[in-house]
Structures are given as structure tokens and as C-alpha cells.
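Notes follow the structure.
There are 2 protein chains.
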Amino acid sequence: MGAWSMEILEQLDQQFAFVAEIGKLKGVLRQTTLGALGRAENSAEHSWHLALAAIALSEHAPAGTDINRVIAMVLIHDLVEIDAGDLFLYANPEEHARQEQAERAAADRIFAILPSEQGAALRALWDEFNERRSAEARFARAIDRLQPMLENLAAGGGTWQRHGITADQVLEKVALIEDGSPALGKYAHELITNAVTAGLLAPARDAGRAGESARPSRSGEED
Amino acid sequence: MGAWSMEILEQLDQQFAFVAEIGKLKGVLRQTTLGALGRAENSAEHSWHLALAAIALSEHAPAGTDINRVIAMVLIHDLVEIDAGDLFLYANPEEHARQEQAERAAADRIFAILPSEQGAALRALWDEFNERRSAEARFARAIDRLQPMLENLAAGGGTWQRHGITADQVLEKVALIEDGSPALGKYAHELITNAVTAGLLAPARDAGRAGESARPSRSGEED
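Here the protein sequences line up with chains V and C, keeping their order.
The first sequence begins at 3 in this note's numbering and counts up one residue at a time.
The second sequence begins at 3 in this note's numbering and counts up one residue at a time.
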């Protein structure tokens, strides 16, 4: 290769700046405890785990789902936490609203580090994930909802026990899994029933409500 | 959804077992130090970083490279370290040979947790990456070679300084980057020149050899 064209060199500089910047996600800690390691999970390794879960569970996505777009979505979905931090899934609505605003501002900054066309494409993918606008986004959200559940199970209760979460609260969140994948929703439902039986998760406060998990709204209520 | 078919339930059990098993990669520590965090990088967050670097740098892959296959490769490439551990890039050839054997045994075990067809497909992808058999594998290896370099730069020298690595040794490794992407190889070359100038990396022991980085063999010598 001869001399750089100025355009390619500028693009490389921007792309390398982006790669360096996103490394900060390794320092964003989540509420989830990794049972075997006795430490909090960070958002980078969480995102990796989601991407591989999407690959492993891809056949349970609705027909026609483009799994490569799902993988890209889960890889980038938490980048905004570099500025906004991680919010606990069971935080109150006011906290969720504040978080949403902070995450949009973060997306404005972080994706703009890339060359503009490329940054805009990733930003659009992030918006799509956030607004659950497609089958891909809904499947990605399902995976994002499922993985912490598995970590809590592996940790013998994890954040559920630490925060006094009960089965009815968890089942409400499962609605989002069903929305992305009926098969995964059903499997998650059984995992929760088993967790209650095994004493890892407290039963519903009002046992009569536990079964009727509301269909989730298009946006807003989730993490 | 009604009752499970036994086949789907068995597949889900295997897929969830795989997702749980691979979480162990978060506990495999690499030689790379994350400068800003003052701790070792683990192989799960490293793999996430590679996947996003592949997305950010995709336009520098040779024409026709399927970037989605590259992403899948880097996501799975280190799973074998769950059993085999991480080997330092600059380890001796005997250690590399031992490691290679341990990694193949690990691949036999870990991919077999999945339903057989799915496990075989991921295993083939892992073999392809390892043997650098395609443009996708060579680009993935280039990214895998590039990212630790960036971490060392960000950490003000990192493993280079800790292990007394010199510029000629790093330049030998850059041959693998050039092999996957001439543009990225050229950019890496400049980063190394700048690192020597900035005093982050010791100059070549025999300055005359520093420029001639050997073309890499098809397999064997790399991490």
C-alpha cells in the first residue's frame, strides 16, 4: 500500500477512537452478581454473553428474524451506559425516565465518534432495539431479559434475594421474553416456577396474581 | 403454546446448558491489563471488544468478506480457554504446541454441549478461525491481534513493558494483521512506530531487522 488517502486515514482515526472509547464499558458494573466469581458482572461481558445466547437460541426466534441484526443490537445496546451507568431493572418509573434521557444523550455522543454514515447506522440500530420496533429488536430484548435470570439462578437467588424480589415481579418481566419468543417465554416461565419450588425466589406476595403477566407496552417500562 | 414436544424441550435444555457453561469465560484472565481499570482483562469482555471492533473496522476487510461470520468467529474464538486457559502471545513454541492440543480437547467438549448439528457448525467455524482458512478467519485474526496492541498503548506500555517486549517482536505479530487487512496492517505499523517514538515500546534489539516482518505461516506460530 502506498500513501494514505486523507479520507481513509481520517476514517481510521475515528474508528480507532471509537474502539478505544467503548472499552470503558468493561468498567460499568451491573447489579447482577456472577455467582461463581463472587463479583459484579460488567456490561461488556454481559453484552458478549447476550450475543452468544442469541446464536445458541436463534432457532427460537420468530420465522424471518435476521439473527445477525440481533447480534449487532445486543453488542451495542449497553454502550450508552458508558455515560449513563446501569439502572437496576426493578428501579421506579421516575428513575427509568431519567435514565432514558441520559441514555439518549449518551447515544448522541458515542455513536458520533464514528464516521457520520456509520455512526448513524449504528444509532438507528440502537433506537430500533430501544423502541422494540422489529422482530429483531423484540428477540434481542427477550435475550437481554433472559440472561440475568439465568445468572440469578446460577447464583442461588442473586439480585432477587438481595432486593427482596418476588415471583410476581419476575413474571411481569417475562412478558417481554414471550413478546420476543413464545418458546423462550414459556421456558422462562418454567424456570421461575422451578426457582420458587427450589426456594431461590420468593413466591408472589399475592399468589392469585402471579399467573397473569401483563402484555408489555411498546416502550417505557423496561430496563 | 401448548405442551412441549420432547425434541424442542431437549434442545432448549442443551442450549441453556451451553449458555450457562460459557459464562465461565468471564473468569478467564488474560495478560492484558486494562489501564483505566487497573485490572486484567477477561476473555469474555475481550471477545465483545473484538466483535465491536470488527463492526467498526469492517470496511477495511477485503472485498467480499462476510462480516457476520467474522463477528461470530471472534465471539466464540476464546471459548476453549474455559478449559485450556489463556496463553501469552509471546510464549515459547513448546507452550504454544501444548496449548493447541488443550484447546482442541476443549472445543470437543464445549461445542458438544449444544444439539449436535448446531455444535458441529460452531466447531467448524472455530476450526476455520484457528486455521486461518478464509478471508473471514484472516480478518478475525487481524482484529484479535490488533486489540491487545491498543490496550497496551492505552495502558502506557502494558504487557510490552512488563515482559520486556521490543518493537521487532511486535512487528512480527503485525504480519498477521497485514495478512487479514492491508489497511489495518499499515495503520498498526504506524501505531508501533509512534509507540517507540513516545517511549511506550522499546526499540528493536537489532534495529536492522525491525522492518522485515516475516509473512506468517498458515498456522502454529500465533496465540
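Yeah, the Cβ is synthetic: ideal placement off N, Cα and C, and Gly gets one too.
No experiment lies behind these values; they were computed from the predicted model shown.
Reduced DSSP secondary structure (H/G/I, E/B, other) of residue i
i                 : result
Glu-133 (chain V) : coil
Gln-16 (chain C)  : helix
Ala-109 (chain V) : helix
Ala-142 (chain V) : helix
Ala-157 (chain C) : coil
Ala-104 (chain C) : helix
Ala-86 (chain C)  : helix
Ala-74 (chain C)  : helix
Ala-216 (chain V) : The predicted model places Ala-216 (chain V) with a pLDDT of 42, which falls under 50 and marks its position as unreliable, so this point remains unresolved.
Ala-99 (chain C)  : helix
Ala-204 (chain V) : strand
Glu-223 (chain V) : Below a pLDDT of 50, predicted positions are generally treated as unreliable, and Glu-223 (chain V), at 38, falls in that range; no measurement from the model is reported.
C-beta neighbour in chain V for residue i, strict 8 Å
i                 : result
Gln-17 (chain C)  : yes
Asn-44 (chain C)  : yes
Ile-194 (chain C) : no
Ala-197 (chain C) : no
Ala-93 (chain C)  : no
Ala-157 (chain C) : no
Ala-144 (chain C) : no
Leu-31 (chain C)  : no
Ala-38 (chain C)  : yes
Leu-173 (chain C) : no
Leu-14 (chain C)  : yes
Leu-77 (chain C)  : yes
Beta carbon proximity, residue i to chain C, threshold 8 Å
i                 : result
Ile-179 (chain V) : no
Tyr-189 (chain V) : yes
Ala-74 (chain V)  : yes
Ile-10 (chain V)  : yes
Leu-202 (chain V) : no
Ala-169 (chain V) : no
Ala-185 (chain V) : yes
Ala-139 (chain V) : no
Leu-89 (chain V)  : no
May I have a chain-ordered list of the alpha helix (DSSP H) segments no shorter than 4 residues that lie completely inside the region 10 to 69 of chain C? Complete alpha helix (DSSP H) runs here, min 4: 45 to 58.
Taking any Cβ of chain C, which residues in the region 18 to 29 of chain V have a Cβ under 9 Å from it, in chain order? So the list reads Phe-18, Phe-20, Val-21, Ala-22, Ile-24, Gly-25, Lys-26, Leu-27, Lys-28 and Gly-29, given in the order they occur along the chain.
Three Cβ pairs or more, each shorter than 8 Å: is that satisfied between the region 10 to 24 of chain V and the region 18 to 27 of chain C? Contact annotation: the region 10 to 24 of chain V does not touch the region 18 to 27 of chain C, with fewer than three C-beta pairs closer than 8 Å.
Using a Cβ-Cβ cut-off of less than 7 Å, give me the residues of the region 45 to 72 of chain V that come near chain C, in sequence order. Against chain C - using a Cβ distance shorter than 7 Å - the residues of the region 45 to 72 of chain V are Ala-46, Glu-47, Ser-49, Trp-50, His-51, Ala-53, Leu-54, Ala-55, Ile-57, Ala-58, Leu-59 and Asn-70.
Report yes or no: do three or more beta-carbon pairs, one from the region 67 to 79 of chain C and one from the region 154 to 171 of chain C, lie closer than 8 Å? No, the region 67 to 79 of chain C does not touch the region 154 to 171 of chain C.
Within 8 Å, do at least three Cβ pairs link the region 90 to 106 of chain C to the region 65 to 72 of chain C? No: the two stretches stay apart, fewer than three of their Cβ pairs being nearer than 8 Å.
So, does the region 173 to 193 of chain V touch the region 144 to 160 of chain V, judging by three or more C-beta pairs under 8 Å? As far as the Cβ criterion goes, the region 173 to 193 of chain V touches the region 144 to 160 of chain V, which means the pair count is three or higher.
Proximal residues, the region 107 to 132 of chain C versus chain V, C-beta separation under 7 Å: Answer set for the region 107 to 132 of chain C: Leu-116.
Would you call the region 59 to 67 of chain V and the region 180 to 187 of chain V touching, i.e. three or more CB-CB distances under 8 Å? Flag = yes, the region 59 to 67 of chain V and the region 180 to 187 of chain V touch.
Any 3 or more C-beta pairs closer than 8 Å across the region 155 to 164 of chain V and the region 35 to 55 of chain V: Touching, yes, given that three or more Cβ pairs across the two stretches are closer than 8 Å.
Any contact between the region 123 to 140 of chain C and the region 102 to 113 of chain C? By contact I mean 3 or more CB pairs, one from each, below 8 Å. The region 123 to 140 of chain C is in contact with the region 102 to 113 of chain C.
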